[in-house]
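Comments concern the structure below.
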Amino acid sequence: MKIIAGHTNMDFDCLASLVAAGLLYPDHIPVLPDNAERGVRDYISNEDLGVKFLFSSQLDAPCKEMILVDNNDINRTGINGDYLKDCSVTLIYDHHPETEEFLRNSEIKGVYKPYGANITLLMEEIKKNDIPLNEAHVRLFLLGLYEDTGFFSYVSLQEADVRNFYDLFQRLSNKDMSYISRYLVTDLTAEQLSVMDDLAKQSLYMDTPRGKIAFCTAEREEYISNISFVAQRLLVILSVEAVFVLTRLGKSVYFMARSRNKEIDVRKCVAPLGGGGHPSAAYVALKETSFIDARERVFDIILRCYQKTRALKEIMNAHVVTASEEESIAEVREKMLAYNHSKIPVLSCSGKIEGLVTQKEINRLYQHGFGHLPVRDYTDREIPVLTEEDDLSQARKEILENRKSIVLVSSQGALSGIITKNDLLLLDFLGEGPQKNIINLSSEIRYGLKGKYFSRVRSAGEMADKRGYRAYVVGGFVRDLLLKRPTFDIDLVVEGSGIDVARDLAECEGGKVIAHKKFQTATVIFDDGFKMDIATARSETYERPGALPVVMRSPLKYDLYRRDFTINAMAISLSEESFGDLYDYFGGYEDLKKGILKVLHTISFIEDPTRVLRGIRFAARFDFSFGKQTLSLLKNALEMKALHYLSGRRIKDELFLIFQEDYPENVFSLMESLEIFPELMEGTHFTQEKVKVFREIRHIHHWFRLLYLKKKVRERFLYLMALFSGMEPRLKKSCIERFELTKKFQQLSDQVEEFIQEQYKTVHAKKFLKKSQIYDLFRRLDVEALLYLMAAYSHNERFQQYASLFIIEISRKKQLINGNDIQKAGLKRGEDLRKIIDTIHRMHIDGEIKTREEALACLKKWVPS
């Protein structure tokens, strides 16, 4: 079978090219892809194409030969690969610029011309071969010409396209071209207008030597057709020379670019991602990537192509892990493992830059028994070293063009910083980050904190400014401030030394500092007991899933990029010049407004599995939903058994945080729906019965607090007992040991189990129990065990009456006599003094004895006469 094929997401130019090639090669069958633009689908349904054709899903036999049109890649035809195993491409007709080089390096014959529309190229062949056209052909060819030249407005338009239009127009028997507006979208749909509004709001502008450009981003949970028309409209609306549009529509991420300036070739930004197109219009579908990761990659490409120059000292990482040339292979290997670095600069004893060592080489040497040798003999000395004043483009050239993994930056011959490929990927757009309009929240901070709390935050900013640092309030505080939820859980991040700022603040406001140098953090405990955490802006790496992170200093964006979810990756400046400015690099503010939880990295849940539990906690607390990709990543982490990497102590800590939620049962119900319990605690589920018990625990604890009995109740123990209820003893014991729970909790758990097995039946044994019998029933229970039982048996009214009577009255009755009283009465040692005391106490509980005098009188019954 001989066929003609185009490309997926077929447009009118592709359809017209398929039909034209069918006229040129009648022994070939045009095969149309099953997916096409909406207008193209309508046209095929309503109009005559003037040739016989098949859809790719209708193929039932292998293809031997193929002609490609408007495309040079057999994998983009939309045809099942099983039919193309022995198929050879014999000819290509394409107007995309990359085809010129493809044909130059290929044995395949082809025709390439850089026309605005591919149908122009094929029309030249039709006229050369004097092939007749009917009305259906002409109408379709005009549609292809109009669409691919943007109604003759794209900069890719050529004189040949205009001549082609004139020739086709003359061939029309009816010169009415109003049919074009029926199939080519000129008015946007409500969905397109809505996404265009979001794209405009999320626009980032950049001045380049060739004019102003814009980068726009938006996400939708559903697919929206013809986003290319939206991109073209944005060129006009935003008044820019070029627009770069990144969208997530459903599960797929798309990147397209449009230009109206011949000096701005947008193909350069799409080609590195595997896409193609024209200098004025290019496109690529990004597969197996998150929206945030795609955005970072696109940022890098745009910066590489268009950003103005910057000195390396502005963007380098000044905090570098290094090795001395005298260190042994084994010592350097340990350092690499500790910091999770694959490469480390090597310095001489005097601090001179010697070169670089890689983990691959170090491991190889170590495995061959050379761990004792000095690293100096195995240092790669052909590593690029630039100065702080060198231009960013030079670092880009070394890393991206010369394929160097790292660039060292020096100042007066000494190492002052490094730049890695990852640094380039995380470079700020427009210098300060991806935000169009700065949102200032200074008034919200004043209103939310007030008084001494606001004064302390403001002072922290001033302390940082004095040292030449920049301070920010970050994370949950920012999130809750935007949600208008009161919070005093204040975390600060400092670009500089967080410990230094903490000490300055404590001295200024009164307080003490607890510093953690390993993690570069500090806690200020003010004289009134209020605490504030201050950290150095840092990046983190993980040696293995579930491990604690290894910490290094970094700029603010790196610090935010290491966090769990976009809604927690925002910061507010505390510097005097920008006090209250919101820094939102990852779209957290929009996600907050939409009620969506998104991770920042595709391996986020694998890297730190506690994020699974934290994400569920946030989703339940705020009634948020997971973004589709984030939910998919979460489920994938569960399938990979990521939670198994967590230590029992870390799981316990997360459980205790869940218990502090207003409605922890909502968190556990969500965990149950996601089938997390088998991975977390074998042998248990969070049933509807447990939901009721959790609610009762909350109500009963509130009731108990109102009694003002001055007895401390650890509510987390009550929740834990409810969570463990119904588990096999063997599995429960395993959980208690794994979570490193205290002996006190084990005792409470044992008391509850013993009561249920041996004592609970007493409640129903008699219709009425005397107070002393109620005393005997509950006397061996700690108050936390009893409160849990009240929650567990809330449906048993008699049990509730007995338990509440015990707590309110019976347990508060003090003994009227003691052992000394018994001895004074003349009873000899060795007799059961405890039994006598208990008997008199039960008589007191039942009201048979009311005073101490009556108790002493009663005691005489046991004294021998």
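For reference, each letter of the sequence shown is one residue, going 60 to 924 in the working numbering.
The beta carbon of each residue, even a glycine, is placed where N, CA and C say it ideally should be.
{"query": "Of the choices Val537, Gly527 and Ile498, whose alpha-carbon is the least far from that of Val516?", "result": "Val537"}
{"query": "Since Glu194 and Leu243 are thought to touch, with beta carbons under 8 Å apart, how far apart are those beta carbons, to the nearest angstrom?", "result": "About 18 Å separates the two Cβ atoms, so there is no contact after all."}
{"query": "I need the straight-line Cα distance from Asp141 to Val90, nearest angstrom please.", "result": "15 Å"}
{"query": "If you measure between the beta carbons of Asp101 and Ile178, is that distance less than 7 Å?", "result": "no"}
{"query": "From Ile655 to Phe677, what does the alpha carbon distance come to, in whole angstroms?", "result": "10 Å"}
{"query": "Would you tell me roughly how many angstroms separate the C-alpha atoms of Arg326 and Ala316, rounded to the nearest one?", "result": "8 Å"}
{"query": "Could you check what DSSP says for Pro443 in three-state terms: helix, strand or coil?", "result": "coil"}
{"query": "According to the Cβ coordinates, are Ala696 and Phe727 closer than 7 Å?", "result": "no"}
{"query": "Mind listing, in chain order, the continuous beta strand (DSSP E) runs of no fewer than 3 residues lying wholly within the region 147 to 183?", "result": "147 to 153 and 168 to 171"}
{"query": "CA-CA distance, Asp482 and Asn422?", "result": "25 Å"}
{"query": "Looking at Ser632 and Asp643, is the spacing between their C-beta atoms short of 7 Å?", "result": "no"}
{"query": "What residue range is occupied by the uninterrupted alpha helix (DSSP H) comprising His758?", "result": "Gln747 to Arg764"}
{"query": "Among Gln832, Glu724 and Lys829, which one has its Cα closest to the Cα of Ile756?", "result": "Glu724"}
{"query": "Below 8 Å CB to CB, which residues in the same chain sit around Ser556 once its five sequence neighbours on both sides are set aside?", "result": "Arg526, Tyr528, Gln579 and Thr595"}
{"query": "Using only alpha-carbon positions, find the residue among Lys186, Val444, Ser349 and Asp266 that is nearest to Leu371.", "result": "Val444"}
{"query": "Go ahead and pull the three-state DSSP assignment for Ala530.", "result": "strand"}
{"query": "Using only the alpha-carbon positions, how far apart do His431 and Asp439 sit?", "result": "19 Å"}
{"query": "Considering only the beta carbon of each residue, do Glu868 and Val772 sit closer than 7 Å?", "result": "no"}
{"query": "How far does the alpha helix (DSSP H) with Leu807 in it extend, from its first residue to its last?", "result": "Lys802 to Glu813"}
{"query": "Work out the CA separation of Leu705 and Gly646 for me, nearest whole Å.", "result": "29 Å"}
{"query": "Could you say which of Glu913, Leu305 and Gln291 lies nearest to Val299 if we only look at CA atoms?", "result": "Gln291"}
{"query": "Figure out for me which residue from Ser287, Ala341, Ser237 and Lys310 has the closest Cα to the Cα of Glu157.", "result": "Ala341"}
{"query": "Could you name each continuous alpha helix (DSSP H) segment of 4 residues or more that falls completely within the region 451 to 477, going from the start of the chain to the end?", "result": "451 to 455"}
{"query": "Would you kindly work out how many angstroms separate the C-alpha atoms of Lys927 and Asp682, rounded to a whole number?", "result": "With the chain covering only 60 through 924, there is no way to say anything about residue 927."}
{"query": "Give me the Cα-Cα distance between Glu635 and Tyr264, rounded to the nearest whole angstrom.", "result": "26 Å"}
{"query": "If we count the other Cβ atoms within 10 Å of its Cβ and call it buried at 16 or more, is Thr801 buried or exposed?", "result": "exposed"}
{"query": "Take the Cβ of Tyr767 as the centre, count every other Cβ of all protein chains shown within 10 Å, and call the residue buried at 16 or more, exposed below.", "result": "exposed"}
{"query": "Let's test the definition: count the other Cβ atoms within 10 Å of the Cβ of Leu506 and tell me whether it reaches 16, buried, or not, exposed.", "result": "In the sequence under discussion, the amino acid at residue 506 is Tyr, which differs from the Leu named in the question. With fewer than 16 Cβ atoms within 10 Å of its Cβ, Tyr506 is classed as exposed."}
{"query": "Along the chain, where does the alpha helix (DSSP H) containing Lys694 start, and where does it finish?", "result": "Lys687 to Glu698"}
{"query": "Are the CB atoms of Lys687 and Lys346 nearer to each other than 7 Å?", "result": "no"}
{"query": "Quick one: residues in its chain with C-beta nearer than 6 Å to the C-beta of Gly605, no 5 flanking neighbours on either side, listed in chain order?", "result": "Caution is warranted here: a pLDDT of 48 is assigned to Gly605, below 50, making its placement in the model unreliable, and the coordinate value is therefore given only provisionally. Excluding positions up to five away in sequence, the list reads Pro668, Tyr704 and Leu705."}
{"query": "Can you check DSSP and say which residues form a bridge with Val221?", "result": "Per DSSP, none; premise fails for Val221."}
{"query": "Here's a check: name, in chain order, each residue in its chain whose Cβ is nearer than 6 Å to the Cβ of Ile626, leaving out the five neighbours to either side.", "result": "Arg538, Gly647, Asp650 and Leu651"}
{"query": "Quick check on this structure: which residue in Lys123, Tyr152, Phe589 and Thr276 has the alpha carbon closest to the alpha carbon of Gly65?", "result": "Tyr152"}
{"query": "Between the alpha carbons of Leu564 and Gly336, how many angstroms are there, rounded?", "result": "57 Å"}
{"query": "Taking the beta strand (DSSP E) that Lys41 belongs to, which residues open and close that run?", "result": "Lying before the first or after the last residue shown, residue 41 is absent from the chain, which here runs from 60 to 924."}
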